[in-house]
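Under our numbering, the first residue of the sequence shown is numbered 1495, with each subsequent residue one higher. Each residue gets a CB set at the ideal place from its N, CA and C atoms; glycine is no exception. As the structure is a computational prediction, the values presented were derived from the model and not from experiment. Worksheet: one structure, shown below.
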Amino acid sequence: MDEHTIRVLEFEKVLALLADEAAFSIGRELAMAVRPETEYDRAFELQAQSAEMRALDQMGIDVPFSGAHDIRGAIRAAGIGQLLEPGDLVESAQTLRTAWSAHRVIEKLRDRAPQLALIADEISDFRRFTDEVERAITPRGEVADNASEQLGTTRRELRLAESRLEQRAHAALADAIRRGVAQEGLLTERNGRKVIPIKADYRGQVQGIVHDVSSSGATVFIEPMGVVDAGNQVRELQLAEQREVRRVLQRLSAILGDMEAEALRSTMALARLDVITAKVRLGRRMKAALPPPGEVASWFKDGGATVIKRGRHPLLRGEVVPTTIEVGGEYAGVLITGPNTGGKTVALKTLGLLTLMAQAGIPIPCDDGSRFACYPRVYADIGDEQSIEQSLSTFSSHMRNIITILAKAEPGTLVLLDELGAGTDPAEGAALARAILETLLERGCTLVATTHHGELKVFAHNDPRLRNASVEFNIETLSPTYHLTIGLPGQSNALAIARRLGLSDDVLQRASDQLAPEHFEFENLLGEIRSERAAASEARHREELAHQEAEALRLALAERRDTIEHERTAILAAAQREAEDTLVRMRREADTLKRKAAARDFDVRSADDTLKQMGADLEKLTAAAKPKRATPAVVSFRREVLPGDVIHVRDIPQLGEALSPVGDDGRVEVQCGSLRMKVSVDRIDRIEQAGPSGEKVAVPTGPPVSMELDLRGQRAEAALEQFEAYLDGAFRAGLPFVRIIHGKGTGALRAAIREALANHPLVRRFESASPQDGGDGVTIALLAG
């Protein structure tokens, strides 16, 4: 990948963010060394690794990295036979133990993470080494007594010898004090030997070895002869201990050295897993939609169009305006025009940087539906690279880069050109820019360019390989909106901006007189096209709302029908059970009468009462078996329906507005929210007359409530507060269901919303939207009532 392109697109700043997410130093080192892959198979493999790690993360499975260190130096030292210090051995054992734990976690999920399993396969089992280190070296980095049998024996003897030495030294000190020759009653050490301070005048009265003299010469530090033998024995045992400790460390170092290649390979495999995990963490932080845990092949292709939906530049802070752009496929190039500081360069950099991130396996901050193509070569000429030292103007600097690009550009190359044709004579610059664009298009390159030249707008409009795009500018506020509009060139705002800033009318008129009439016709045409597009977009939005509300009504009516059918079935079943019970009881009573008649124990009055009760029961059953017609609803109005009336239509859970009087067919045209329909007058339960001067009367259910709530980008606490207020308003408005848009992201907001829905008294049930309507990024909640 071209290093100049990586630099001007600020890819290394993204790598710095990635390195911050790494768990240990080798992972950070590898993160800074990440480069976009130019071969599709390798780039696909990187994205597949990120997708698998993201799937594990969403399952709540963590690959362990705690205790990992950069142990490459220690491994290489052990490989050439050097002795490792206890601390180095402990860090090596911790790192290799962590690597093996990571291997075991991924091995259990090999079927779900085959790409990660291939990396984990490079990690060897070092339990022989790690168990030995754990047994031989304490967590404080000291060789343990049980590291070897000889070391344990030597240390026990050493402790006994030190105890004997201490006893003899204290006895000699006590004798010196008793005889008055000791300078002070304090036992001390010199050169590792136990000594007592003796007054210089009495040095001849104490037999022993002088090890030191005080700076004043008044005190002599003497090791008494009775202590010398005990001190010699302690020193011999200390040397024996050091030799045995060294032998233990040498043995452990040799075990690691014998596995040098496997240890280095395992350490680097752990670091690679760390980088992949860091990519997932960074993606979560950027709220990246790609890669999803599913198939990478659905959005990452070897060629074709690149489609970015609501892409966010990962280095921008604050309120970032997303970029939506498509290049390649039907259109080989996009030409972006618009004012300075309007966002042309940001759109260009966003496309280029996200493409590099895709080919480096880094999650991409954009929305679902985005698609990326893999480019074997990406070249960019962005920014003002004027150089005083090299005597290069802005134009010369751009031309030097473009000459280099033209020398290397081949079919399948992505070329990004900023301010094409700027920095020189406008006519010559426009002609040169057009020639460059034509050359790149003829070579089969995919390109995106920004420019100020109006001639290039016409060229892009007439060439079927190119597509115009523009960044919008708010004339009222004199500020860019940063919104990218595909399909329209940017308007010239110079005169309008000058007028808003207060330039006199006579100067503006002189400027206008020097412009050709075609210029104003073109600008007016652009304005009309933009207005028509805005109107079409608004109409499409209303149509979508109407479709959603119609679907909501369909679902509500279907559910109401199901409820009625369920109740009808329950009533019939209860009636049948009651009839069966009554018939059984009547048969039993008839049998009783027969037995009494046969036994000539017949009471005429009692039999008559029984027959009367049986007749009453039969009449009751007959009445219950007759179908009952629902009493027609009583219409509560006493006049004709007039346009503008607020009406309530039976079975429609939302108030509507009458758009027409009652027609010849007995029906009224009604607007319920965004849904327009014709209903029979006998379905109208209530009319509320329009108020004076034509304004509508207040609707009892409150102001209109949208059937959709967008919570994307909000924190869970604030989103839940807004959600509660919205749900209450939707229920009061009689909406049958609502759409909660929370996005996919990390899944935290979705989980919080669905937990609130699960226990909400106003919610009957909820479910994810269909894939074409947002999938798991949208929850549809059916309201009670």
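*Option in Ala2052, Leu2251 and Arg2170 with minimal Cα separation from Leu2153*: Arg2170
_Rounding to the nearest angstrom, what Cα-Cα distance links Ile1688 and Phe1620 in this structure?_
Reading off the sequence shown, one finds Lys at residue 1688, where the question assumed Ile. Near 45 Å, if we compare the C-alpha coordinates of Phe1620 and Lys1688.
*Taking Cβ to Cβ, would you say Arg1937 is nearer than 8 Å to Ala1903?*
Taking 8 Å as the cut-off, the beta carbon of Arg1937 is found closer than this to the beta carbon of Ala1903.
*Starting from His1597 and walking both ways along the beta strand (DSSP E), at which residues does that stretch end?*
Taken as a continuous stretch (DSSP letters only), His1597 belongs to no beta strand (DSSP E), being part of the alpha helix (DSSP H) at Pro1580 to Glu1601.
*Contact between the stretch 1739-1758 and the stretch 1657-1667 (3+ Cβ pairs under 8 Å)*: no
*Would you mind giving the Cβ-Cβ distance between Gly1751 and Gly1575, rounded to the nearest angstrom? I have them listed as a contact below 8 Å.*
6 Å
*How many Å lie between Phe1505 and Gly2150 at the Cα?*
55 Å
*List the endpoints of the continuous beta strand (DSSP E) containing Tyr1873.*
Arg1871 to Asp1875
*Going by Cα to Cα distance, which pick from Asp1912, Ile1876 and Ile1930 is closest to Leu1900?*
Ile1930
*Compare the C-alpha of Gly1521 against each of Arg2206, His1563, Ile2181 and Ala1568 and name the closest.*
His1563
*Which partner residues does Thr1945 have in the DSSP bridge list?*
DSSP output for Thr1945 lists Thr1831 as bridge partner(s).
*So what does Gln2165 bridge to, in DSSP terms?*
Glu2151 and Arg2170
_Distance between Phe1866 and Ala2252 (C-alpha atoms, nearest Å)_ = 37 Å
_Minimum length 4: unbroken alpha helix (DSSP H) runs contained in the stretch 1803-1870_ = 1838-1853
*Can you grab the Cα-Cα spacing for the pair Leu1652 / Glu1730, in whole Å?*
9 Å
*Can you tell me which of the three DSSP states Gly1702 falls into?*
Strand.
*beta strand (DSSP E) containing Leu1911: first to last residue?*
Bounds of the beta strand (DSSP E) holding Leu1911 are Thr1907 to Leu1911.
*What separation, rounded to the nearest whole angstrom, lies between the Cα atoms of Ile1980 and Ala1916?*
22 Å
_In whole angstroms, give me the CA-to-CA distance for Thr1682 and Ala1665._
13 Å
*Quick one: grab the DSSP three-state call for Glu2043.*
helix
*Reduced DSSP secondary structure (H/G/I, E/B, other) of Ala1963*: strand
*Among residues of its own chain, excluding the 5 on either side of Thr1817, which ones have a beta-carbon nearer than 6 Å to its beta-carbon?*
Hits under 6 Å: Gly1805, Ala1841, Thr1844 and Leu1978.
*Note down the Cα distance separating Thr1592 from Arg1570, rounded to an integer number of angstroms.*
19 Å
*Start and end of the beta strand (DSSP E) containing Ala2275?*
Val2272 to Leu2277
_Contact the stretch 1705-1722 vs the stretch 1631-1645: 3+ CB pairs below 8 Å_ = no
*For Ile2235 and Val2272, the rounded distance between their alpha carbons*: Between Val2272 and Ile2235, the C-alpha separation is close to 5 Å.
_Sequence-distant residues of its chain with Cβ nearer than 8 Å to Val2143 (five each side left out)_ = Gly2150, Val2164, Cys2166, Val2173, Arg2177, Ile2178 and Asp2179
_Pro1633, DSSP secondary structure in three states_ = Here Pro1633 sits in coil by DSSP.
*Limits of the beta strand (DSSP E) - the one that Val1742 falls within*: Here Val1742 belongs to no beta strand (DSSP E); instead the alpha helix (DSSP H) covers Met1719 to Asp1752.
*Can you name the start and end residues of the beta strand (DSSP E) that Lys1688 belongs to?*
Arg1687 to Lys1693
*What is the C-beta distance between Pro1787 and Ala1549, in whole angstroms, given that I count them as a contact (C-beta under 8 Å)?*
4 Å
*asked:* Please state whether the Cβ-Cβ distance between Leu2277 and Phe2217 is less than 8 Å.
replied: no
_On the criterion of 16 or more Cβ atoms from any shown chain inside 10 Å, does His2060 qualify as buried, or is it exposed?_
Exposed: under 16 other Cβ atoms inside 10 Å.
*For the beta strand (DSSP E) containing Leu2203, list its first residue and its last residue.*
Glu2202 to Asp2204
*asked:* Quick check: the stretch 1670-1681 against the stretch 1640-1652, are at least 3 beta-carbon pairs closer than 8 Å?
replied: no
*Going by CA-CA distance only, name the one from Thr1831, Ile1858 and Thr2076 that's closest to Glu1962.*
According to the sequence shown, residue 1962 is Asn rather than Glu. Out of Thr1831, Ile1858 and Thr2076, Thr1831 has the C-alpha closest to the C-alpha of Asn1962.
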